[in-house]
Amino acid sequence: MSTDPREALDAFLEAVGEHFAASAHRNGDQDPRVEAAYMALADAFEIYEDAIYTAYDEVTPFELFDDVEDAKEDDDDNDLDDDFTIDDEDGND
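Just so we're aligned: the sequence shown equals residues 1 to 93 in full-length UniProt numbering.
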C-alpha cells in the first residue's frame, strides 16, 4: 500500500517545523528533543520521497546520510585538504 503524496508532504512539512522548534529551543549539544525531531524529519522525508516517486516517478534533490557515511566523507575531505597546494604567480608552492 502506497502513501498519498500530499499526506506525505504535509507530514514532512510538519516535521520540518518540529525540527526547527526543537533546534531553536535546544538545551545543549545533546538535547534529546532535537535528536528525536531530527530522526522524525529524516523518516518523514524518506516517506515523502518514496510517495512522490511511486505516484509521479519523481525524486527530490536531497540525500540522507547516516553517521558512518558522514564520518567517512569528512575524513575523505580532510585527506583532500592535505594534498592540495596553491602555486604562486611564479609556479612555486
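C-beta: ideal position from N, C-alpha, C; glycine also.
Who are the Cβ neighbours of A42 in its own chain at under 8 Å, not counting the five residues just before and after it? Your numbering for residue 42 matches position 42 in the sequence shown. Closer than 8 Å at the Cβ level, and outside the excluded window around A42, lie L64.
What are the boundary residues of the alpha helix (DSSP H) that H19 is part of? Taking the sequence shown and counting its residues from 1, one reaches residue 19 at position 19. Residues P5 to A24.
Helix, strand or coil, according to DSSP, for L64 in the structure here? Counting from 1 along the sequence shown, the entry for residue 64 is found at position 64. Correct three-state label for L64: coil.
By the DSSP assignment, the alpha helix (DSSP H) with E35 in it spans what residues? Counted from its first residue, the sequence shown places residue 35 at position 35. Counting along the chain, the alpha helix (DSSP H) containing E35 begins and ends at P32 to Y56.
Report buried or exposed for H19, applying the criterion of at least 16 other Cβ atoms within 10 angstroms of its Cβ. Taking the first residue of the sequence shown as position 1, residue 19 is located at position 19. Per the 10 Å Cβ criterion, buried.
Taking 8 Å as the limit between beta carbons, can you name the residues of its chain near A11, skipping five residues before and five after? Numbered from its first residue, the sequence shown carries residue 11 at position 11. Answer for A11: A44, I47 and Y48, listed in chain order.
Cβ-based burial, P32 [other Cβ within 10 Å; buried from 16]: Here residue 32 refers to the residue found at position 32 when the sequence shown is read from its first residue. Around the C-beta of P32, fewer than 16 other C-beta atoms lie within 10 Å, and the residue is accordingly described as exposed.
Mind reading off the beta-carbon distance from A22 to A37? Whole number of angstroms is fine, and I expect it under 8 Å. Numbered from 1 along the sequence shown, position 22 holds the residue referred to as residue 22. Numbered from 1 along the sequence shown, position 37 holds the residue referred to as residue 37. Contact holds; Cβ gap of about 4 Å.
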